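Numbered as in the numbering used here, the sequence shown ends at 316 without a single skipped number.
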Amino acid sequence: MVWIMSLVGLVILLLSGDLLVRGAVNLSLRLGVPALIVSLTIVAFGTSAPELLIAISAVDDGASGIAIGNVIGSNIANVLLVLGMPALLSTLDFSQCDTRRDFYIMLGATVVFIALAATGQFGWWQGAILLIMLAGFLGSAVWRAKCQTGASSTEDDDLEGLDPELPMWKVLGFLLLGLIGLPMGADILVDNAVYIARAYGISEEVVGLTLIAIGTSLPELATTVMAGLRNQAEVALGNVIGSNIFNLLGIIGVTTLFDEIYVSSSFFALDIWIMLASALVLIPFVFLKWRMSRPIGALFLGAYTLYLASMM
5 MVWIMSLVGL VILLLSGDLL VRGAVNLSLR LGVPALIVSL TIVAFGTSAP
55 ELLIAISAVD DGASGIAIGN VIGSNIANVL LVLGMPALLS TLDFSQCDTR
105 RDFYIMLGAT VVFIALAATG QFGWWQGAIL LIMLAGFLGS AVWRAKCQTG
155 ASSTEDDDLE GLDPELPMWK VLGFLLLGLI GLPMGADILV DNAVYIARAY
205 GISEEVVGLT LIAIGTSLPE LATTVMAGLR NQAEVALGNV IGSNIFNLLG
255 IIGVTTLFDE IYVSSSFFAL DIWIMLASAL VLIPFVFLKW RMSRPIGALF
305 LGAYTLYLAS MM
């Protein structure tokens with residue numbers, strides 16, 4: 005029963021996150037907020053809302069291991085699983101992708117995260133550093149986009165979830181359901197995940213690194229698989245890099261506003277270094293424009309399987 009309730013919590017969490025994004029996008033654009041700002045803030049934060057609510061709920065329950073494990077595990081899964089799966093289905097050609105600047109930010113965020121985690125906890129000042137970096141990333145993204153186009157570069161039609169025909173009552177309904185469902189789903193999932201960990205003698209860190217990390221990475225996996233099938237390699241790579249940046253800076257940074265997050269030394273045995281390695285493994289694809297072929301996709305998935313097996 006506890007496994008079923010965990011699945012129910014995950015489904016509620018993911019559906020609520022989607023409803024929140026759709027409602028926020030449509031409401032913001034109707035209120036005259038530029039599409040560019042919406043895409044870089046509301047959509048980005050909305051798609052990270054499940055991970056954020058998981059972290060807040062976990063810390064509130066005294067399960068910091070789940071909060072940190074979810075971030076580390078999600079970043080590992082985003083590279084090895086989320087990029088590996090579409091590459092197995094269709095070769096990803098990164099020759100036209102220019103994600104170098106964002107990659108530098110992701111790598112920098114990873115290094116700063118590791119350095120701060122080494123202090124043993126994320127308190128208010130560590131969180132402030134992460135949030136300042138996130139603000140800088142968002143400001144840089146807005147400035148770059150405006151410089152490239154001279155104005156609001158993102159077309160309204162390109163925004164995920166935008167529906168000009170959607171009645172206002174539905175827009176507000178999506179927002180309300182999303183705001184209610186996110187904390188509800190997070191509470192259900194975290195409570196049952198903690199129960200599973202204690203009942204089966206599994207550490208909270210492992211539950212966060214596996215069950216919850218994979219579950220909250222499903223939206224990124226679905227988006228990236230579809231991008232790969234449509235030959236939109238730049239969307240696939242950008243989705244992974246952007247998600248990893250928000251995980252490291254936004255989720256941990258915002259969560260520290262609610263409470264301190266304690267970091268178990270067990271993460272430094274393997275997991276944090278796998279996260280760093282999974283970031284570094286993107287270098288040939290970002291800078292040398294390597295194609296991610298099916299054999300490489302299989303290699304990524306195999307590496308992720310071995311990583312999961314190492315925790316059994």
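Backbone N, C-alpha and C fix where the C-beta goes; we use that ideal spot for every residue, glycine too.
In this text the structure is predicted, and so the values were computed from the model without any measurement.
(request) Return the Cβ separation of Ala283 and Thr123 in integer angstroms, given the expectation that the two are a contact with Cβ distance under 8 Å. (result) Contact flag wrong, Cβ pair sits at about 21 Å.
(request) Between the Cα of Leu225 and those of Asp64, Met9, Gly88 and Gly205, spot the shortest distance and give me the residue it belongs to. (result) Gly88
(request) Run the proximity test for Leu310: is its beta-carbon closer than 7 Å to any non-hydrogen atom belonging to the ligand SAM? (result) With respect to the ligand SAM, the structure offers nothing, as it holds no ligand at all.
(request) Could you pull out every residue in the same chain whose Cβ sits closer than 7 Å to the Cβ of Asn74, ignoring the five residues on either side in sequence? (result) Glu55, Ile58, Ala59, Gly212, Ile216, Ala217 and Thr220
(request) Quick one: grab the DSSP three-state call for Tyr204. (result) coil
(message) So, at 6 Å on beta carbons, what are the nonlocal neighbours of Asp106 in its own chain, with the 5 sequence-adjacent residues on each side left out?
(response) Ile245
(message) By the three-class DSSP mapping on this structure, what secondary structure does Gln100 have?
(response) coil
(request) Please name the residue in Val29, Ala313 and Met9 whose C-alpha comes closest to that of Leu170. (result) Val29
(request) Excluding the 5 residues preceding and the 5 following Gly112 in the sequence, name in chain order all residues of the same chain whose CB lies nearer than 8 Å to its CB. (result) Met137
(request) Less than 8 Å between the CB atoms is what I'm expecting for Gln125 and Tyr266, so what's the real figure, rounded? (result) 5 Å
(request) Return the Cβ separation of Asp97 and Ala237 in integer angstroms, given the expectation that the two are a contact with Cβ distance under 8 Å. (result) 5 Å
(request) Could you tell me the boundaries of the alpha helix (DSSP H) in which Asp167 lies? (result) Unbroken run through Asp167: none, as it is neither H nor E.
(message) Distance check for Val6 and Ala145, CA to CA, integer angstroms please.
(response) 42 Å
(request) For Arg105, name the three-state secondary structure that DSSP assigns. (result) helix
(request) Tell me Phe291's beta-bridge partners as DSSP assigns them. (result) Answer is none; Phe291 lacks a bridge partner.
(request) Please report how far the alpha carbon of Asp263 lies from the alpha carbon of Leu176, in whole angstroms. (result) 30 Å
(message) Tell me the rounded alpha-carbon separation between Ile70 and Met279.
(response) 16 Å
(message) Quick test of your reading: Gly232 and Ile16, contact by CB under 8 Å. State the CB separation rounded to the nearest angstrom.
(response) In fact, because the Cβ distance is near 28 Å, the residues do not count as touching under 8 Å.
(request) Mind listing, in chain order, the continuous alpha helix (DSSP H) runs of no fewer than 4 residues lying wholly within the stretch 231-299? (result) 237-249, 256-259, 275-284 and 287-291
(request) State buried or exposed for Gln100, treating a residue as buried only when at least 16 other CB atoms are found within 10 Å of its CB. (result) exposed
(message) For Ser314, count the other beta carbons within 10 Å of its own beta carbon; 16 or more makes it buried, fewer makes it exposed. Which is it?
(response) exposed
(request) Answer yes or no: do Asp275 and Val194 have a C-beta to C-beta separation smaller than 8 Å? (result) no
(request) Take the Cβ of Asp102 as the centre, count every other Cβ of all protein chains shown within 10 Å, and call the residue buried at 16 or more, exposed below. (result) exposed
(message) With distance defined between alpha-carbon atoms, name the residue in Met110, Arg298, Arg104 and Leu84 nearest to Tyr311.
(response) Leu84
(message) If I measure Cβ to Cβ from Glu159 and keep anything under 6 Å in the same chain, skipping five residues before and after, which residues do I get?
(response) Note that Glu159 has pLDDT 49, beneath the 50 cutoff, so the model's placement of it is unreliable and the number below is only indicative. Nothing listed; no residue qualifies.
(message) Suppose contacts are defined by Cβ-Cβ distances below 8 Å. Is Leu18 in contact with Pro187 by that definition?
(response) no
(message) Let me check understanding here. Comparing Cα to Cα, which of Gly182, Met110, Ala281 and Gly131 lies closest to Arg26?
(response) Gly182
(request) May I ask which residues mark the beginning and end of the alpha helix (DSSP H) holding Thr220? (result) Ala217 to Thr220
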